[in-house]
Structure formats: C-alpha cells, structure tokens
Amino acid sequence: MSRARSPRRPRLIVPVPLGLAPGLALGLALAGCGSVPSAGPAPVSTATALPAPTTATAPPTVAATPSGTPSGKPSVTSSASASARPSARVSTRPSSTAGSGGATSHPVIVIDPGHSGRSIRSRTVNGLLDVDYPNQPEMREVFDVSSCVAAGLRSDGYRVLLTKAHESSSVSLTERARIADRAHAALAISVHDDHSQGPTFQAVYSQLGLTVDGRHHAMWRGRGSHRTVFDQPSVARASDRAARLIARARSRAEGRPVRLAEENFAGRPPLEPGNLALVQLLTHRPWVYNELGARAGGSTTSELTVAQETAYAQGLLDGAEAAVPNGDRSPATRASLGRCLAARR
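Throughout the sequence shown, residue numbering follows full-length UniProt numbering, covering 1 to 345 in sequence.
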C-alpha cells in the first residue's frame with residue numbers, strides 16, 4: 001500500500017479458543033483496516049445503496065449523548081426521511097417479506113463488504129462524521145468473499161442483502177445501517193481485511209464490547225456534544241452471542257485462534273474517537289464486524305489466495321448460520337465456496 005498509515009492505538013483483544021472457554025484472558029493487538037487518507041476527493045453527500053424490501057419502514061435515528069455523560073442514554077426518535085432509492089440492478093435482494101430471525105422460515109442476513117469506491121465524508125443526524133474511502137486490495141477481496149458467503153446462505157434458505165451492489169459502489173455507513181434496519185435483519189456482518197497485519201491478527205467485534213474487571217463499559221463514538229453511546233442492551237447481547245459463534249466458526253475454518261476484540265479509534269483522524277464501529281453504532285440490528293490479517297511476508301499489497309478467502313468465507317458462513325438457525329440444513333461446503341471464489345478471479 002503506497003500511503004503511509006496513521007499511527008494506531010492498541011485494541012483490547014480476548015482470545016477465543018476452539019472450545020470457547022468461559023474464562024477469557026485479555027491481550028493487546030494493533031488495530032487496522034487500511035490507512036485513512038488525510039485528504040481525498042470532494043465529499044459525497046449521498047450514497048448509492050440497495051433498494052429496501054417492500055416492507056421497509058422509515059429508519060429510526062439515534063440522538064447524541066450530551067457532553068460529559070459517558071454513560072448517558074441516547075434517545076431514539078423516528079425519522080421520516082431516507083436516502084434516495086438507487087437503481088434496482090441488485091441480485092441479492094431478499095424476497096418481498098422481510099422478517100427478523102425466527103419470525104419466518106427464511107431469516108434475513110445483511111452482509112456488509114468493507115469500504116467505498118469514492119471517499120465519503122458527511123455528517124450523521126447526530127453530528128458524527130461519517131467517513132469511508134477506497135482501499136485496495138481489501139475492497140476487492142472482501143466483496144468477493146461477501147458475494148460467495150451470500151450465495152452459500154441463499155442456497156441454505158436465507159434471504160440475503162449486500163450493502164453494496166458492486167465492489168466499487170460508494171455507500172455511506174449511515175446508509176449501510178439503514179439497509180439492515182429496513183430489512184429487519186436477524187444479523188448483519190461487516191467483512192474487512194487488513195494488509196498491514198499478519199496472519200496472527202484475526203478479530204471479531206460485537207456491539208457489547210469486552211469486559212474489564214468483569215464489567216462491560218460504554219460503547220461510543222464522537223466527542224463533546226456529539227458523543228453518542230450505544231444503548232440497546234438486547235441488541236448488544238444478541239451481537240455478542242453472534243460474535244462468539246462467528247469467532248468459534250472462523251477459528252475452526254481458518255485453523256488459528258480468532259479473537260473477540262474491541263476497537264480503539266483514538267488518534268486516527270478524521271475518524272471519530274471511540275470504541276465501536278460507526279455502522280454498529282447507527283443500526284438497531286445485531287451487527288458483527290470482522291477483520292482478517294492479510295499481510296503476506298513483507299508485502300502490504302499481495303492479494304489473498306483463493307484458499308485464504310475460502311477459509312474466511314467458510315468461517316463467516318458457518319458462524320452466521322449458527323447464530324441464526326434456519327432448520328436442519330447443511331451449510332455450503334468449502335468446495336462450493338472455493339469454486340465460487342475461484343470463478344471471481
């Protein structure tokens with residue numbers, strides 16, 4: 001990668017062994033998911049996104065937590081406006097009736113491939129800076145992985161939405177959250193990789209975060225009057241359960257420990273400070289954010305192999321299906337995922 005990376009603060013990491021022992025030890029790992037450009041093209045005020053299912057309702061929005069109240073409770077209000085609907089050229093729409101997990105025999109899962117084709121800098125309704133940017137080869141790799149996981153889930157009877165229609169689509173984090181909310185998704189998963197990190201960096205992030213001295217603490221983003229705390233306990237618990245299942249499934253598929261972790265966005269301008277991915281903060285659905293260390297030797301630009309992508313895809317698919325059961329179905333096989341990914345090269 002040609003751009004110099006911004007210095008990163010360490011993130012708290014909890015190992016998740018294959019047996020998922022209840023006593024988890026804290027550790028440290030460096031953060032990352034590509035460098036954040038210090039300057040870029042003109043901000044994009046609106047973003048292309050997938051059309052909502054026909055049962056979609058106007059998305060709720062989260063109000064800002066007052067300054068100086070780290071554990072304050074943000075109120076939830078209803079917003080009657082939504083982004084303009086995009087072109088309907090999307091093959092990953094669920095069928096017309098969307099429901100939450102368990103409400104129907106065909107749950108909805110949203111898959112969120114990381115990054116946008118153009119730099120996006122806009123404000124959320126509560127004043128937080130919504131930033132996204134291109135990042136290759138990550139953007140290409142995670143779109144392929146996401147597409148093949150989506151195909152596997154559909155073959156197993158799930159309804160699936162991708163937050164991007166194409167690898168180069170530009171979709172704000174606000175709109176990605178709205179896509180899951182409008183679909184009443186049982187689960188949403190973000191898919192990222194990091195070419196600055198080696199294979200020992202494998203992480204899964206929930207909306208509940210980690211415990212410190214046996215207690216959970218606030219999950220938040222922003223500063224001053226824009227500081228916003230995630231205050232949806234039942235969603236956070238569902239996210240934590242799904243994150244543990246996905247971490248366990250990824251550990252099996254990748255053949256190495258995949259850890260539950262907590263973000264640290266401090267000192268990474270223009271990103272807002274905090275410990276929760278913005279898309280996880282803005283949604284009202286359980287959301288699990290995934291990272292995979294992708295550096296090969298000393299290179300930060302060598303692409304993942306088909307075998308590496310296949311292992312990542314297998315863990316995501318198995319974990320999603322464990323988190324959102326859909327009857328006695330056999331998950332898509334590693335061979336079928338490998339064929340899907342090889343065909344996309």
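Virtual Cβ for every residue (Gly too), placed ideally from N, Cα, C.
Owing to the predicted nature of the structure, the values given are computational and were not obtained by experimental measurement.
Cβ-Cβ separation, residue j to residue i (assumed contact under 8 Å), whole Å
i: L278; j: D130; result: 7 Å
i: L153; j: I189; result: Rounded, the Cβ-Cβ distance is 10 Å, inconsistent with contact.
i: W220; j: G274; result: 5 Å
i: P134; j: R121; result: Wrong, their Cβ atoms sit about 13 Å apart, outside the cutoff.
i: L208; j: D240; result: 4 Å
i: D193; j: V258; result: Between V258 and D193 the Cβ distance is about 13 Å, and since that is not below 8 Å, they are no contact.
i: A236; j: F230; result: 7 Å
i: E337; j: Q314; result: Reading the sequence as shown, one finds Leu at residue 337 and not Glu. Sure, about 6 Å apart at Cβ, within 8 Å.
i: A323; j: L245; result: 5 Å
i: G327; j: G127; result: 44 Å between Cβ atoms; not a contact.
Reduced DSSP secondary structure (H/G/I, E/B, other) of residue i
i: residue 350; result: Nothing in the structure corresponds to residue 350, since the chain is present only between 1 and 345.
i: residue 356; result: Given a span of 1 to 345 for the chain in the structure shown, any question on residue 356 remains unanswerable.
i: L128; result: coil
i: H216; result: strand
i: T174; result: helix
i: D156; result: coil
i: D194; result: strand
i: A165; result: coil
i: residue 346; result: Residue coverage of the chain in this structure runs from 1 to 345, which leaves residue 346 outside it and unanswerable.
i: S122; result: strand
i: A342; result: helix
i: R237; result: helix
i: A203; result: strand
i: R221; result: strand
Residue i Cβ short of 8 Å to the ligand ADP heavy atom set
i: G298; result: The model depicted lacks the ligand ADP and carries no ligand whatsoever.
Beta-carbon contacts of residue i that lie in its chain and below 6 Å, excluding the five residues immediately before and after
i: G298; result: none
i: A180; result: V110, A188, T283 and R285
i: A247; result: V16, V204, V258 and L260
i: E321; result: P331
Local Cβ density within 10 Å of residue i, reported as buried at 16 or more and exposed below that
i: P286; result: buried
i: V212; result: exposed
i: A261; result: buried
i: S96; result: Summary for S96: the model assigns pLDDT 35, below 50, so the residue's position carries little reliability; its value from the coordinates is reported in the next sentence. S96 is exposed by the Cβ-count criterion.
i: residue 347; result: Absent from the structure is residue 347, since the part of the chain shown begins at 1 and ends at 345.
i: T310; result: buried
i: T174; result: buried
i: S45; result: Residue confidence is low: S45 scores 35 on pLDDT, short of 50, so the model does not pin down where it sits. No coordinate-derived value is stated.
i: D318; result: buried
i: P269; result: exposed
i: R223; result: exposed
i: R178; result: buried
i: P331; result: buried
i: S302; result: exposed
i: residue 346; result: The first residue shown for the chain is 1 and the last is 345, placing residue 346 beyond what the model contains.
C-beta neighbour in chain C for residue i, strict 9 Å
i: S172; result: Within the model displayed, chain C is absent; a lone protein chain is all it includes.
Cutoff 7 Å; reference residue i; Cβ partners in own chain excluding five residues on either side
i: S146; result: I111, P113, L162 and V191
i: S87; result: Interpretation of S87 is limited by its pLDDT of 33, a score under 50 that renders its predicted location unreliable; the figure taken from the coordinates is listed afterwards. Here the set comprises nothing.
i: R176; result: D112, T163 and V279
i: D132; result: H115, S116, I120, S172 and L173
i: T200; result: G293
i: A253; result: A311, Q314, G315 and D318
Nonlocal neighbours in the same chain, by C-beta distance under 8 Å from residue i, ignoring five residues either side
i: V160; result: T92, P94, V108, I109, V110, I111, A150, L153 and R154
i: G255; result: A311
For this session: Would you mind listing the beta strand (DSSP E) stretches within the region 243–329 that are 3+ residues and don't spill past its ends, in chain order?
Result: 259–261 and 287–292
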